[in-house]
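In our numbering, the protein residues as written are 3 to 256.
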Ligand code: MF3
Ligand code: CO
Ligand code: CO
């Protein structure tokens, strides 16, 4: 990689990240009310775009490396980076991850959740619950002077003990006035390995957990990533700031 330098954010910058993070949490909360059978992913996208502009922000995904829409919507076997469209209609029993990243005053708030459409199958329910718990176990492993490998180890141990697998091809990332920066945060790995965690680091943890194989495939659109075995995948994401004595979740809704 060209530049491995990990930027530490000042308290002024972290305050801006806090505002962007809060806006992202509110946006995701707002979109949750649209998750119902019969709604298209394009309708959710268009409301996200409208709401984001109304709140004085911009949608980071729109035009990012050519991504065509304002949010990512990833249904069932789609791991991440699903592209909203008018042909894709939510139906009872689906699970859908909605991933939003508004830019407010130049800074990014990056967060996602997986929602149930109507009534989930037992497997879908368990996968989604385990994935959310993976995110929180990853966050609990963030300690100043700990290592980045501690995060992935905590996530992988729990996911695999529950009979699920951890996606390797997509990882968490540093985030600031730039969408994706070093360090990479794998959701698998070994405790005690990797770079040191330091106060002022701001990054996402965003585990993608699969029902079957961890292996992924990217569709011909160049974006949509899906499970190789077409079994379910779920994801949850928060943006975090490392503090002197622990961690602050910037995208937790107040
Ligand atoms: N929000 C995604 C992430 O968590 C990135 C989406 S990039 C896009 O990192 F181009 F697909 F929008
Ligand atoms: Co995201
Ligand atoms: Co992210």
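All C-beta atoms in this analysis are idealised placements derived from N, C-alpha and C, irrespective of residue type, glycine included.
- Unbroken alpha helix (DSSP H) runs of no fewer than 4 residues, entirely contained in the segment 8-83, are found at 13-34, 43-56, following chain order.
- Its Cα nearest to that of residue 90, the residue 47 stands out among 62, 126, 47.
- Looking at the DSSP output, residue 109 bridges to 106.
- DSSP places residue 227 in the strand class (E or B) of the three-state scheme.
- Distance between residue 84 and residue 179, taken at the CA atoms: about 24 angstroms.
- Ligand 1 has no heavy atom closer than 8 angstroms to the beta-carbon of residue 42.
- Collapsing the DSSP output to three states places residue 168 in a strand.
- Here the C-alpha atom of residue 148 lies approximately 21 angstroms from the C-alpha atom of residue 13.
- Taking the Cβ atoms as the reference, residue 35 lies roughly 20 angstroms from residue 88, outside the contact range of under 8 angstroms.
- From the listed residues 146, 157, 121, the smallest Cα separation to residue 97 is found for 121.
- Sequence-distant Cβ neighbours of residue 205 in its own chain, meaning closer than 7 angstroms and more than five residues away, are 174, 175, 176, 177, 185, 187, 242.
- Here the residues close to ligand 3, judged by CB distance below 6 angstroms to any of its heavy atoms, are 112, 175, 206, 208, 239 in chain order.
- Between the segment 14-25 and the segment 111-121, the count of C-beta pairs closer than 8 angstroms reaches three or more; the two stretches touch.
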